[in-house]
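Engineer:
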Amino acid sequence: MGECLFCKIAAKEIPAAVVYEDDALLAFKDIFPQAPVHLLIIPKAHCAGLCDMTPAIAEAAGRVPQVAVQLAREAGVEESGWRLLANCGPDSGQSVFHLHFHLLGGKALGGRLCQ
Ligand code: AMP
Ligand code: ZN
Numbered sequence: 104m105g106e107c108l109f110c111k112i113a114a115k116e117i118p119a120a121v122v123y124e125d126d127a128l129l130a131f132k133d134i135f136p137q138a139p140v141h142l143l144i145i146p147k148a149h150c151a152g153l154c155d156m157t158p159a160i161a162e163a164a165g166r167v168p169q170v171a172v173q174l175a176r177e178a179g180v181e182e183s184g185w186r187l188l189a190n191c192g193p194d195s196g197q198s199v200f201h202l203h204f205h206l207l208g209g210k211a212l213g214g215r216l217c218q
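Taken in order, the sequence shown gives residues 104 to 218; the numbers are from my numbering.
1. Are at least three pairs of beta-carbons, each pair with one atom in the stretch 131-151 and one in the stretch 197-215, less than 8 Å apart?
2. Output the boundary residues of the alpha helix (DSSP H) element that contains Val170.
3. Look at the alpha carbon of Cys110 and the alpha carbon of Cys150, and state the distance between them as a whole number of angstroms.
4. Label Leu128 either buried or exposed according to how many other C-beta atoms from any shown protein chain fall within 10 Å of its C-beta, with 16 as the threshold for buried.
5. In chain order, what residues of the same chain lie with their CB nearer than 8 Å to the CB of Leu108, ignoring the 5 residues before and after it?
6. Does the distance from the C-beta atom of Ala114 to that of Val122 stay below 8 Å?
7. Note down, in chain order, each residue of its chain lying with its Cβ closer than 6 Å to the Cβ of His203, except the 5 sequence neighbours on either side.
8. For the alpha helix (DSSP H) that contains Lys132, what are its first and last residues?
9. For Cys154, is the beta carbon positioned less than 7 Å from some heavy atom of the ligand ZN?
10. Which value, in whole angstroms, describes the spacing of the CA atoms of Gly192 and Ala164?
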């Protein structure tokens, strides 16, 4: 996907603060962090969002919670708490249409999941 921002990050054509990489997943720091810890975990292969997952991408995405636990531990928020979420479609506010999971922590995130 030539014009996809996160494809370019996955291809190392655009720099990012990478914190994790394996054959199918990449994690990097969000450029506009909304919490002291704000990471994005993406499949390297392009996929617009949760509704567009192929079986192979769904298999990779299935490993995201395990990777998130490892990253939360490394970021020092395993005990204090953290949140993992994915936006999907217009009402969610999704702004980058390459599947990604936000890992947020490092402060009290509040009890509301939406306004
Ligand atoms: P969403 O609103 O769920 O689509 O989230 C997209 C996220 O991507 C936002 O939190 C942005 O701050 C983040 N973002 C946009 N561009 C970059 C970039 N070049 N590097 C890292 N994060 C980015
Ligand atoms: Zn992409």
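Ideal Cβ placement from N, Cα and C applies to all residues, glycine included.
Structural biologist: To lay it out plainly:
1. yes
2. Val167 to Glu177
3. 9 Å
4. buried
5. Ile117, Val199 and His201
6. no
7. Leu143 and Ile145
8. Note, Lys132: premise wrong, no alpha helix (DSSP H); beta strand (DSSP E) at Leu128 to Lys132.
9. no
10. 18 Å
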